[in-house]
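Residue numbers (the UniProt record's numbering): 1 to 178. Heads up: the structure comes next, in structure tokens.
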Amino acid sequence: MSTPRRVLCLCGSLRQVSSNRAALEAAQRLAPASLELAMYDGLAALPLFNPDNEVDPLPSAVLALREAVGRADALLVACPEYAHGVPGPFKNLLDWLVGSLEFPGKPVLLLNASARGSYHAQEALAEILRTMSAELLTTQPMPVALPGAGCSAGQVLASAERCAELRVALDCLVAELA
């Protein structure tokens, strides 16, 4: 039996109860044996990016982020839209990866967990990731039409439609990482 491919899940929300996090947690539970999905939980601990601080030794939270990205075969990203843009904390995370050796060429799959089909932040995020030399696995984010803030992974898993959407995304990762 081959070793599962490691996928690091990045949630762009700091909310206690986030639909984006719920989508990623549901994906973890639905993942086939060929994938190991790990949740990154250090978003709130990252210091504000300052190029003057991007020297050895890097802040420990930044080192942990870069090491997690380096260990991953791919990234699965679920990020909300705030005022038509990428939330500041998630952009900060990406800024800390710009100068890293671990990120360029990394396969990235985006989930769009909005029932309303938010697209402004998704387009901006895709542009940022392309600029950072990510390998975007699809031209558009994979839709997972969640009702919005306040849903849980259990609620996502209770919906056959949402599970089917997540399985399509997971199948994309399996095909890419095979």
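We treat Cβ as the ideally placed atom computed from N, Cα and C, and that holds for glycine.
Asked: Bridge partners - Glu25, DSSP secondary structure assignment; Found: According to DSSP, Glu25 bridges with nothing at all.
Asked: Where the alpha helix (DSSP H) through Pro89 begins and ends; Found: Gly88 to Val98
Asked: Beta bridge counterpart(s) of Leu136 as assigned by DSSP; Found: Val108
Asked: Euclidean distance between Cα positions of Pro59 and Cys11; Found: 21 Å
Asked: Proximity below 8 Å, CB of Leu137 to CB of Val108; Found: yes
Asked: Same chain, Cβ closer than 7 Å to residue 186, five either side skipped, listed in chain order; Found: Missing from the structure shown is residue 186; the chain here goes from 1 to 178 and no further.
Asked: Cys9 beta carbon less than 8 Å from that of Leu30; Found: no
Asked: Spatial distance of Trp96 from Thr131 (CA atoms); Found: 14 Å
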